[in-house]
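If you read the sequences in order, they're chains A and B. What the first sequence shows, in my numbering, is residues 1 to 115, in sequence order. What the second sequence shows, in my numbering, is residues 1001 to 1113, in sequence order. Worksheet: one structure, shown below.
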Amino acid sequence: GAVVSQHPSWVICKSGTSVKIECRSLDFQATTMFWYRQFPKQSLMLMATSNEGSKATYEQGVEKDKFLINHASLTLSTLTVTSAHPEDSSFYICSAREERNQPQHFGDGTRLSIL
Amino acid sequence: GESVGLHLPTLSVQEGDNSIINCAYSNSASDYFIWYKQESGKGPQFIIDIRSNMDKRQGQRVTVLLNKTVKHLSLQIAATQPGDSAVYFCAENNQGRDDKIIFGKGTRLHILP
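The structure is reproduced here in structure tokens:
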């Protein structure tokens, strides 16, 4: 149980394009989803917290107009990297949690490469 | 605050031996702690968790110890196997306040044949 699916797993695109990443909880309803960014050989950095039906809460230093998050249903959240540039290249990972006092379950990440 | 890792420390352990991975957490108000395992190119995988009202919790081949006095967490893996090779992250959470999970720097576990 507690499977989180992330799609796509890998994407390469040109500078200036927008990229959408999907995160789905397959066998549970996720009231809260989280988006992380991870650089090589580094830890996960929380970007934003998303509660279903509410606006996402962004961490300090994360541009909300650059990283658009939508959590319209209890099983789907999307992260859109708008007008992506090479410095946005990274490993983006989502996680989902059913209730507040339960652990987060992670997707397998999306490797984003901007040329 | 947020954890910013540089180069991951590496722990090399002989196959079959026990592994102990240590973590110092930052927030004395954290009340929930989790260990995650991350294999190359994948997302973190939940291993075991512990709440602040406990100091030890055991799972299958894994044990987590919590010392709140010195803000220290450890993960013990018994009879380490090649499949245990991965990066291990501790994470802390303050469920009573902002409810964010903050990841530690991570430790790479390397299994020697």
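Just so you know, even glycine gets a beta-carbon here, dropped at the ideal spot from N, CA and C.
Under the rule that 16 or more other beta-carbon atoms within 10 Å means buried, what is residue 1016/B, buried or exposed?
Numbered from its first residue, the second sequence carries residue 1016/B at position 16. Exposed is the call here.
Taking the C-alpha atoms as reference points, what is the distance between residue 1063/B and residue 1023/B?
As a first step, residue 1063/B is located in the second sequence; it is residue number 63 there, counting from the start. As a first step, residue 1023/B is located in the second sequence; it is residue number 23 there, counting from the start. Going by the C-alpha atoms only, they are around 14 Å apart.
Just grab the DSSP bridge partners of residue 7/A for me.
Position 7 of the first sequence holds residue 7/A. In the DSSP output, where bridge partners are listed per residue, residue 7/A has 22/A.
Find the nearest neighbour of residue 1084/B within the set 1090/B, 1065/B and 1109/B, judged by alpha-carbon distance.
Counted from its first residue, the second sequence places residue 1084/B at position 84. For residue 1084/B, the nearest C-alpha among the options comes from 1109/B.
Closer than 8 Å between beta carbons: that is the criterion. Which residues of the stretch 1041 to 1074 of chain B meet it against chain A?
Answer set for the stretch 1041 to 1074 of chain B: 1041, 1042, 1043, 1044, 1045, 1046 and 1049.
Specify the secondary structure class of residue 87/A as computed by DSSP and reduced to three states.
As a position in the first sequence, residue 87/A is number 87, starting the count at 1. Three-state DSSP puts residue 87/A in a helix.
Considering only the beta carbon of each residue, do residue 85/A and residue 96/A sit closer than 7 Å?
Counting from 1 along the first sequence, the entry for residue 85/A is found at position 85. Counting from 1 along the first sequence, the entry for residue 96/A is found at position 96. No, these two residues do not count as a Cβ contact at 7 Å.
Please report the residue range of the beta strand (DSSP E) in which residue 1080/B lies.
On the second sequence, position 80 is the one that residue 1080/B refers to. First-last for residue 1080/B: undefined, no H or E at that position.
Take the Cβ of residue 26/A as the centre, count every other Cβ of all protein chains shown within 10 Å, and call the residue buried at 16 or more, exposed below.
In the first sequence, residue 26/A corresponds to position 26, counting from 1. With fewer than 16 Cβ atoms within 10 Å of its Cβ, residue 26/A is classed as exposed.
Taking C-alpha atoms, which residue in 91/A, 78/A and 111/A lies nearest to residue 32/A?
Here residue 32/A refers to the residue found at position 32 of the first sequence. That would be 78/A, whose Cα lies nearest to the Cα of residue 32/A.
Examine chain A for any beta-carbon lying closer than 7 Å to the beta-carbon of residue 1021/B, and answer yes or no.
If you number the second sequence from 1, residue 1021/B lands on position 21. No - not a single Cβ of chain A is within 7 Å of the one on residue 1021/B.
Under 7 Å, do residue 108/A and residue 1043/B count as touching if we go by C-beta distance?
By 1-based counting over the first sequence, the position of residue 108/A is 108. By 1-based counting over the second sequence, the position of residue 1043/B is 43. Contact flag set, yes.
Quick check on the burial criterion: 16 or more other C-beta atoms within 10 angstroms. Buried or exposed for residue 1104/B?
Residue numbering aside, residue 1104/B sits at position 104 when the second sequence is read from its first letter. Flag for residue 1104/B reads buried.
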